[in-house]
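Protein sequences appear in the order of chains A and B. Read left to right, the first sequence gives residues 8 to 350 (the working numbering). Read left to right, the second sequence gives residues 1084 to 1404 (the working numbering). Think of the CB as a built atom: it goes at the ideal place given N, C-alpha and C, for glycine as much as any other residue. Step one of this worksheet: look at the structure below.
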Amino acid sequence: MSKKSFRQAINEALRQEMRRDPRVILMGEDVAGGAGAPGDDDAWGGVLGVTKGLVGEFGRERVLDTPLSESAYIGAAAGAAATGLRPVAELMFVDFMGVCFDQIFNQAAKFRYMFGGHAVTPLVIRMMYGAGFRAASQHSQCLYPIFTHIPGLKVVIPSSAYEAKGLLIQAIRDDDPVIFMENKVLYDQEEEVPDESYTIPFGEANLTREGSDVTIVGIGRMVQIANAAADALAKQGISCTVIDPRTTSPLDTGSILDSVEETGRLVIVDEASPRCNMATDISALVAQEAFGALRAPIRMVCPPHVPVPFAPNLEDLYVPDAARVEAAVRAVMQYAGKQGARA
Amino acid sequence: MQLNREDLLRAYRTMRLIRDFEERLHVEFATGEIPGFVHLYAGEEASAAGVCMHLGDKDHIASTHRGHGHCIAKGCDVSGMMNEIYGRKDGLCGGKGGSMHIADISKGMLGANGIVGGGPPLICGAALTAKVLKTGGVAIAFLGDGASNQGTTLESYNLASIWKLPAVFVVEDNGYAESTAASYAVAGSQSDRAKGFGMPSQVVDGFDFFAVHEAAGAAIERARAGEGPSLIHVQLSRYYGHFEGDGMTYRGPGEVDRLRADVDCLKRFRTKVTEAALLEASELDAIDRAVADQIDTSVRTAKSAPPPTEADLLTDVYVAY
Ligand SMILES: Cc1ncc(C[n+]2csc(CCOP(=O)(O)OP(=O)(O)O)c2C)c(N)n1
Ligand SMILES: [Mg+2]
């Protein structure tokens, strides 16, 4: 056990799985860096240095820098997965899914079912997501609801370094295509992470806080925002459960429903655009399955339905923060309902 | 197109403006005051200037993430650009776009672009508009060696060819896509690719304004005459990293110093026009001073300009919630 950053945790997961299984390969733009160039080999290790050092240990046969051709290499990763390799492809920013989405959702996602169960597609596609980097509209989106919408894809959104390592190793060992989403604001955050290899199963939520008044579900980095809000609220006498679903597909519906049965109040914090996102999806689930337990309307804390703005002051307004979560929790606590209106 | 004195002065001024804009951003970025990603065009000025000299407001260009040079050459307001890069309300995009998305539709500038390969299809569309509405306009896609490998680019070559669109694809080959060398990532050659799609192409020394200007002139004339698209492979180099903050360890020792010393497009322009007695050195010096002042003013203005207001978060898009 030692302190490791989110970035190091991911790097370590990749390294350990590549040591364990020679079929695991990496590919993506500049995942090593310096291909064909006169200077250093391993010049980049990915744009934010996450795969640094891996080409040194595993060589360019297994760490492949690709041309700027996402359709071709993401598709190649899918084809390689269907034929015996276990590729981890890096798309860099999730926003680039636009140029290669067919290979993900019509090809990789559907092989197993469409071929009558005769194919496996052990593919992981890593990418960064999220606002807060001043990277503007085409480099800041969340987009995981779009992947979550596609049957056949698994979607993993780690909320911390510990989570990232265990979930990535699980993803690499999984036989289905897995979308692995890394919030770019987290890369430098450190926490205790075991040195040895470990897995975290998909579809099992983690309760990061336990309380009796309100259930807060957070997605990815929003788990941290939810924790911060819960800690502040605890000092004011409001006790919250915070749920990190870890994977949006499969989704641990049981943990969410159980908690709402106990608290009767639900706040969902989702950084994705507010239409058809995880907050609306979980709201529908709870409205359908736990309506009788609800003591207040469900509240969703999401950005407004606009592209991510560049100007720092606007971007800061855009991303949900702990203050907004606290306000939503207070609102559901104060909800008086019909009885309140009558009294 | 014959270049007269005014043209030469304008060409030099454009290149100097781009150079100073970028050199200054390099300095200012290091102070931490500029948010986000900034990709500098310094070293590549002759390409934007040489191509855009042939264009007017009815002509369209699509740019890349490395877009400041194209913006300046197409006539975007320098102060508006600087404000945008600082995330100010008076920026060309109201502070909502930033360096990677500067655009000015009124100038025929369809935007820098955060998606590599995003521009060439758009340029097919702009060329289609020109063709259908008979505006006489042409549309130019600037794209990098990296972008030349993107499916959208190759599809655009085909579309522009079969529709005989008034389009020109300017491949600015600076040898790298991020840290990956074009010698590794680009199969075949840019001109063979053009040939494969039935397009004429030219390979051009991108440090030589006059060579770019001449090649672009021919391609644009052909497009305006309704003879279809063509490709220009401009060979050049960037002086700074892929983005500000890139340590450039993938480049050879002394690579950039040698470029600056030996092939710099501004130095070569100056030597050529003064030796041929087309312009006086003093005229060029005067431009240097005026441009330095202009950049200085634009930075000072941008630093103290107000950011967008909170209400701006919800404008320019329909908002349901
Ligand atoms: C679709 C897409 N893939 C990847 C990127 C990340 N990216 C931004 S610029 C760049 C390299 C572009 O190289 P090139 O086209 O040669 O232009 P240059 O930077 O050399 O001007 C990459 C990989 C992106 N922005 N969009
Ligand atoms: Mg390049």
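Per DSSP, which one or two residues make a beta bridge with residue i?
| i | result |
| --- | --- |
| GLY35 of chain A | A:ASP72 and A:GLU97 |
| ILE163 of chain A | One detail in the question is off: residue 163 of chain A reads as Val in this sequence, not Ile. The partner list for VAL163 of chain A (beta bridge, DSSP) reads A:PHE187 and A:THR254. |
| VAL1317 of chain B | B:GLU1255 and B:VAL1287 |
| HIS1143 of chain B | B:ALA1222 |
| GLU199 of chain A | A:LYS10 |
Mind listing the chain B neighbours of residue i? Cutoff is C-beta to C-beta under 7 Å, in chain order.
| i | result |
| --- | --- |
| ALA142 of chain A | GLY1119 and PHE1120 |
| TYR325 of chain A | LEU1396 |
| ALA318 of chain A | GLY1170, GLY1178, LYS1179, PRO1390 and PRO1391 |
Would you say the beta carbon of residue i comes nearer than 7 Å to a heavy atom of ligand 1?
| i | result |
| --- | --- |
| TYR1259 of chain B | yes |
| ILE1185 of chain B | no |
| ILE1198 of chain B | yes |
| THR155 of chain A | no |
| ARG1149 of chain B | yes |
| ILE106 of chain A | Here residue 106 of chain A turns out to be Val, not Ile, going by the sequence shown. The answer is yes for VAL106 of chain A. |
| PHE103 of chain A | yes |
| MET99 of chain A | yes |
| MET1109 of chain B | The residue you asked about is not Met; residue 1109 of chain B is His in the sequence shown. No, ligand 1 has no heavy atom inside 7 Å of this Cβ. |
| HIS1325 of chain B | yes |
| LEU1342 of chain B | no |
| GLU77 of chain A | yes |
| GLU1255 of chain B | yes |
| ALA1230 of chain B | yes |
Does the Cβ of residue i lie closer than 7 Å to at least one heavy atom of ligand 3?
| i | result |
| --- | --- |
| GLU36 of chain A | Ligands in the displayed structure: ligand 1 and ligand 2; ligand 3 is not one of them. |
For ligand 2, I want to know if residue i counts as a neighbour, meaning its beta carbon is within less than 7 Å of at least one of the ligand's heavy atoms.
| i | result |
| --- | --- |
| GLY1227 of chain B | yes |
Would you give the residue range spanned by the beta strand (DSSP E) that residue i belongs to?
| i | result |
| --- | --- |
| PHE1252 of chain B | 1250-1256 |
| TYR136 of chain A | 131-136 |
| GLU1116 of chain B | Per DSSP, GLU1116 of chain B belongs to no beta strand (DSSP E) and is neither H nor E. |
| ILE81 of chain A | Counting along the chain, ILE81 of chain A falls outside any beta strand (DSSP E), though it belongs to the alpha helix (DSSP H) covering 77-89. |
| MET307 of chain A | 306-308 |
| GLY1202 of chain B | Counting along the chain, GLY1202 of chain B falls outside any beta strand (DSSP E), though it belongs to the alpha helix (DSSP H) covering 1202-1215. |
| VAL54 of chain A | Element bounds for VAL54 of chain A: n/a, residue is neither H nor E. |
| LEU273 of chain A | 273-276 |
| THR1235 of chain B | Segment 1234-1245 is the alpha helix (DSSP H) holding THR1235 of chain B; no beta strand (DSSP E) there. |
| THR206 of chain A | It is not in any beta strand (DSSP E) - THR206 of chain A carries neither H nor E in the DSSP assignment. |
| ILE1198 of chain B | It is not in any beta strand (DSSP E) - ILE1198 of chain B carries neither H nor E in the DSSP assignment. |
When we look at the beta-carbon of residue i and count the other beta-carbons within 10 Å, is it buried (16 or more) or exposed?
| i | result |
| --- | --- |
| ALA1302 of chain B | buried |
| GLY347 of chain A | In this prediction, GLY347 of chain A scores a pLDDT of 47, lower than 50, which makes its location untrustworthy; the coordinate-derived value is nonetheless stated afterwards. Exposed, by the Cβ-count rule. |
| ARG349 of chain A | In this predicted model, ARG349 of chain A has a pLDDT of only 41, less than 50, meaning its place in the structure is not dependable; the value taken from the coordinates is given anyway. Under this definition ARG349 of chain A is an exposed residue. |
| HIS125 of chain A | exposed |
| SER1130 of chain B | buried |
| TYR1401 of chain B | exposed |
| CYS283 of chain A | exposed |
| LYS1190 of chain B | buried |
| ALA20 of chain A | buried |
| PHE1280 of chain B | buried |
| SER1387 of chain B | exposed |
| LEU92 of chain A | buried |
| HIS1325 of chain B | buried |
| LEU1216 of chain B | exposed |
| SER1272 of chain B | exposed |
| ASN1257 of chain B | buried |
| ILE207 of chain A | buried |
| GLU64 of chain A | exposed |
List, in chain order, every chain B residue whose beta-carbon is nearer than 9 Å to that of residue i.
| i | result |
| --- | --- |
| LEU21 of chain A | Residues of chain B passing the Cβ test: none, with the nearest at roughly 19 Å. |
| ASP288 of chain A | What ASP288 of chain A touches in chain B: nothing, since even the nearest Cβ is about 16 Å away. |
| PHE103 of chain A | ILE1198 and VAL1199 |
| VAL162 of chain A | None at all; the shortest Cβ gap to chain B is about 22 Å. |
Could you name the residues of chain A that residue i contacts, counting a contact when the two beta carbons are closer than 9 Å?
| i | result |
| --- | --- |
| ALA1298 of chain B | Residues of chain A passing the Cβ test: none, with the nearest at roughly 24 Å. |
| GLN1233 of chain B | PRO74, LEU75, SER76, GLU77, SER78 and VAL106 |
| THR1114 of chain B | Those do not exist, as THR1114 of chain B stays about 15 Å from chain A at its closest Cβ, beyond 9 Å. |
| HIS1143 of chain B | Residues of chain A passing the Cβ test: none, with the nearest at roughly 20 Å. |
Please compile the residues from chain B whose C-beta is within a distance smaller than 8 Å of the C-beta of residue i.
| i | result |
| --- | --- |
| PRO257 of chain A | Those within 8 Å of PRO257 of chain A in chain B number zero; the least Cβ separation is about 28 Å. |
| GLN110 of chain A | What GLN110 of chain A touches in chain B: nothing, since even the nearest Cβ is about 11 Å away. |
Where do the N-terminal and C-terminal ends of the alpha helix (DSSP H) with residue i fall, by residue?
| i | result |
| --- | --- |
| ARG1305 of chain B | 1292-1307 |
| VAL106 of chain A | Looking at the DSSP string, VAL106 of chain A is not in any alpha helix (DSSP H), and its letter there is neither H nor E. |
| LEU240 of chain A | 229-242 |
| THR215 of chain A | It is not in any alpha helix (DSSP H) - THR215 of chain A instead sits in the beta strand (DSSP E) that spans 213-216. |
| GLY1152 of chain B | 1151-1156 |
| ILE1185 of chain B | No alpha helix (DSSP H) holds ILE1185 of chain B; DSSP gives it neither H nor E. |
Below 7 Å on C-beta distance, what does residue i contact in chain A?
| i | result |
| --- | --- |
| SER1266 of chain B | GLY43 |
| SER1262 of chain B | ASP37, GLY40, GLY41, ALA44, ALA50 and TRP51 |
Within 8 Å of any Cβ in chain D, is that where the Cβ of residue i sits?
| i | result |
| --- | --- |
| GLY1178 of chain B | Protein chains in the displayed structure are A and B, and chain D is not among them. |
Output, in chain order, the set of chain A residues within a Cβ distance shorter than 8 Å of residue i.
| i | result |
| --- | --- |
| VAL1400 of chain B | HIS312, VAL313 and PRO314 |
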